[in-house]
Amino acid sequence: MNQVTRYLWNASSIALGFLATLNPAHAQIVPDNTLPVNSKVTGCPVCTIEGGTVRGVNLFHSFQEFGVPTGGEAFFNNGLQIENIFGRVTGANLSHIDGLLRANGTANLFLINPNGIIFGENARLDIRGSFFASTANTLKFPDGSEFSATNPQAPPLLRINVTPGLQWGTSQPGATITNRGNLAPRQDLTLVADRLDLQGQLSAGGDLTLWAQDTVKVREEVRTPFAAVAGGNLTIKGTNGIDILALSLLSPGGFAFQSGGNLSLMSDGIISGDARFSSGGGFSIKSVSGGLANFVSYYDPIISASGDVDVAANYTGTSLLVEARGNIRFQGDINITGPDTSGLPPGPDTATLSTTSALIMRSGQSSLAYGGVNSGNVPIYGNGAVPAGITLGGDVVVQPFNGVGGIVNLTAASGNVSTGLISTNGLQTRLSGSNAIGGAITISAANNINITGNL
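To convert, count from 1 in the sequence shown and add 114; that's this note's numbering.
(1) Looking only at its chain, what residues have a beta carbon closer than 7 angstroms to the beta carbon of Ala217, apart from the 5 residues adjacent to it on each side?
(2) For the alpha helix (DSSP H) holding Ser317, just list the boundary residues, first then last.
(3) State buried or exposed for Leu324, treating a residue as buried only when at least 16 other CB atoms are found within 10 Å of its CB.
(4) Name the DSSP bridge partner or partners of Gly452?
(5) Using beta-carbon positions only, say whether Phe340 and Ala370 come within less than 8 angstroms of one another.
(6) When you compare only the Cα positions, how much space is there between Lys254 and Ile226?
(7) Return the residue from the list Gly346, Gln327, Asn376, Leu348 that minimises the CA-CA distance to Asn354.
(8) Nearest by alpha-carbon distance to Leu392: which of Ile416, Gly404, Met475 is it?
(9) I'd like to check one pair, Ser176 with Ser61: are the Cβ atoms closer than 8 angstroms?
(10) Check the C-beta distance from Gly520 over to Val531 and give it rounded, since I have them as a contact under 8 angstroms.
(11) Buried or exposed: Asp424, going by 16 or more other Cβ atoms within 10 Å of its Cβ?
(12) Could you tell me how far apart the beta carbons of Asn428 and Gly529 are, in whole angstroms, since I believe they sit closer than 8 angstroms?
(13) In chain order, what are the residue ranges of uninterrupted beta strand (DSSP E) at least 3 long that sit wholly in the stretch 210-238?
(14) Buried or exposed for Gln372, please, with buried defined as at least 16 other CB atoms from any protein chain shown within 10 angstroms of its CB.
(15) Based on Cα-Cα distance, which residue from Arg476, Ala483, Arg390 lies nearest to Leu458?
(16) Cβ of Ala344 within 8 angstroms of Cβ of Leu149?
(17) What residue does the alpha helix (DSSP H) around Leu280 start on, and which one ends it?
(18) Contact between the stretch 404-414 and the stretch 468-479: three or more CB pairs below 8 angstroms?
(19) Using alpha carbons as the reference points, say which of Gly230, Gly517, Ile536, Phe515 lies closest to Asn523.
(20) Once DSSP output is grouped into helix, strand and coil, what is the label at Ser362?
(21) Can the beta-carbon of Glu187 be found closer than 8 angstroms to that of Val151?
(22) If you draw a straight line from the C-alpha of Gly452 to the C-alpha of Thr432, how long is it?
(23) Mark Asn571 as exposed unless 16 or more other C-beta atoms lie within 10 angstroms of its C-beta, in which case mark it buried.
(24) Once the 5 residues before and after Gly503 are set aside, which same chain residues still bring their CB inside 8 angstroms of it?
(25) Let me know the beta strand (DSSP E) ranges lying completely inside the stretch 319-391, each 3 residues or longer, listed in chain order.
(26) Should Leu297 and Phe233 be called a contact, given that it needs their Cβ atoms to be closer than 8 angstroms?
(27) Work out the CA separation of Gly446 and Gln542 for me, nearest whole Å.
(28) Give the range of the beta strand (DSSP E) segment to which Ala247 is assigned.
(29) Kindly indicate the opening and closing residues of the alpha helix (DSSP H) around Thr91.
(30) Assign Thr349 to one of two classes, buried (16 or more other C-beta atoms within 10 Å of its C-beta) or exposed (fewer than that).
(31) Please state the DSSP three-state secondary structure of Ala465.
(32) Does the distance from the C-beta atom of Glu260 to that of Thr249 stay below 8 angstroms?
(33) Count the other CB atoms, across all protein chains shown, that sit within 10 Å of the CB of Gln313; report buried if there are 16 or more and exposed otherwise.
(34) Among Asp422, Asn408, Ser386, which has the Cα closest to the Cα of Leu377?
(35) From Arg202, Gln142, Gly288, Lys400, pick the residue whose C-alpha is nearest to that of Thr167; which is it?
(36) Do Ile384 and Asn347 have their CB atoms nearer than 8 angstroms?
Shown next, in the form of structure tokens:
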């Protein structure tokens with residue numbers, strides 16, 4: 115059992131043990147009495163939720179407890195004129211959901227519980243609209259009114275669809291959304307908390323948004339590889355860190371993160387991206403507050419994008435491959451520390467990435483060797499190479515492995531290559547007395563090659 119597999123097995127065992135300790139008494143739905151027209155719940159554990167307070171096309175529910183046991187159901191039996199269903203939990207317990215959430219028509223479902231939300235392995239959605247779950251204490255509407263779980267007043271007098279411009283309040287430190295299930299609404303999927311602890315499958319027909327005030331943590335179980343798939347944009351924001359270990363070794367192509375639109379990672383802390391990323395639009399990494407981010411990866415970092423790749427970060431880690439139909443721009447330094455020994459899925463560059471310290475970048479490609487996600491609502495390129503180049507704003511240092519220098523391969527099919535210092539023996543210059551044999555540097559551009567540093 116290699117190091118990565120053993121780690122995933124241990125993580126799986128810990129997760130199963132944690133879920134087994136949850137109090138099943140919390141897996142129930144109990145309305146409170148804070149609304150002008152209160153919610154009514156019948157038929158549990160296959161629960162039907164009716165009543166609630168209607169404001170135009172918006173329906174408001176309020177609960178003392180909200181949970182769904184294994185095999186149970188929470189059916190929001192809304193009228194078909196309802197466009198948005200808002201639910202809040204005003205009690206002191208977290209929500210444990212290990213069954214089905216569903217609603218009528220194409221209504222969007224919003225659920226806030228400041229204490230935390232756990233989606234168990236059997237959690238599923240039958241939502242033909244969008245689904246929003248958060249540990250925020252309140253939802254804020256465009257007119258300045260709020261629907262609060264910690265100060266439960268009557269819902270605002272809203273008569274229109276309020277989802278454009280909807281915002282949310284802060285989460286208490288430590289308030290966590292945990293997912294082990296399969297969350298797949300027809301439209302957008304949004305998870306917002308102080309911390310996100312994610313396994314299982316997340317899939318959205320529209321945009322997929324994962325936001326944490328603190329840290330976004332992603333792991334996978336050996337039996338259930340993690341997947342985050344968006345038909346539109348996929349956005350991951352962890353203000354204090356993003357911690358991803360999701361190799362998806364059991365899924366075709368090994369891409370844990372896939373988007374039809376743009377794919378973005380944002381954090382002021384360390385962005386640890388041990389995963390493959392496939393974007394049907396652009397791909398970007400940046401900090402939240404400005405300046406260069408800190409991007410690290412020690413297992414299987416492959417980035418494939420149908421648009422541009424823009425990484426405003428310093429990178430440190432294992433052999434890196436980036437391919438794009440558009441431009442590639444790395445604004446920080448790149449430090450390749452060694453080959454990827456995690457056990458890569460088959461691919462045209464597997465032998466190089468797994469045996470050698472390597473940096474491989476290909477821009478302006480007419481087709482992609484990896485990924486191949488269909489583009490969503492983003493501009494796409496026609497057949498053939500496009501005028502796209504490679505720009506490396508910092509230094510590139512590829513550390514030697516077993517005494518042999520690394521490989522740098524930069525290919526711009528129909529554009530320019532601009533780079534600073536490049537070293538393939540771990541030193542800024544090739545000294546005759548160094549212990550490492552200099553590696554291969556290949557730079558290919560249809561137009562100009564601009565090198566401002568040393569090779």
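Backbone N, C-alpha and C define an ideal beta-carbon position, used for all residues, glycine too.
Checking against the coordinates, here is how it stands:
(1) Contacts found: Phe190, Asn192, Ile199, Leu223, Ile241.
(2) No alpha helix (DSSP H) contains Ser317, which is instead part of the beta strand (DSSP E) from 315-318.
(3) Residue burial is scored here from C-beta neighbours: Leu324 has at least 16 other C-beta atoms within 10 angstroms and is therefore classed as buried.
(4) Thr432
(5) yes
(6) 12 angstroms
(7) Gln327
(8) The sequence as given places Ser at residue 392; Leu does not occur at that position. The shortest C-alpha separation from Ser392 is found at Ile416.
(9) Past the boundaries of the shown model lies residue 61; the chain is included only from 115 to 569, so the question cannot be answered.
(10) Rounded, the Cβ-Cβ distance is 18 angstroms, inconsistent with contact.
(11) buried
(12) At roughly 24 angstroms, the Cβ-Cβ gap does not stay under 8 angstroms, so Asn428 and Gly529 are not in contact.
(13) 214-217, 222-226, 231-233
(14) Buried, since its Cβ has 16 or more Cβ neighbours within 10 Å.
(15) The residue with the shortest Cα to Cα distance from Leu458 is Arg390.
(16) no
(17) Under the DSSP assignment, Leu280 falls outside any alpha helix (DSSP H); it carries neither an H nor an E label.
(18) no
(19) Ile536
(20) coil
(21) Going by C-beta atoms, Glu187 is not nearer than 8 angstroms to Val151.
(22) 5 angstroms
(23) What the structure shows of the chain is the stretch from 115 to 569, and residue 571 is not part of that stretch, so it cannot be assessed.
(24) Asn441, Ile442, Ser477, Gly478, Ala526, Gly529, Asn530, Val531, Ser532, Ala559, Asn561
(25) 322-332, 341-344, 348-352, 355-360, 371-373, 377-380
(26) yes
(27) Low confidence applies to Gln542: its pLDDT is 35, below 50, so where it sits in the model is not reliable, and the reading given next is rough at best. Those two C-alpha atoms are separated by around 16 angstroms.
(28) 245-248
(29) As shown, the chain starts at 115 and ends at 569. That puts residue 91 outside it, with no answer to give.
(30) When all chains shown are included, Thr349 counts as buried.
(31) helix
(32) no
(33) buried
(34) Asp422
(35) Arg202
(36) Contact: no.
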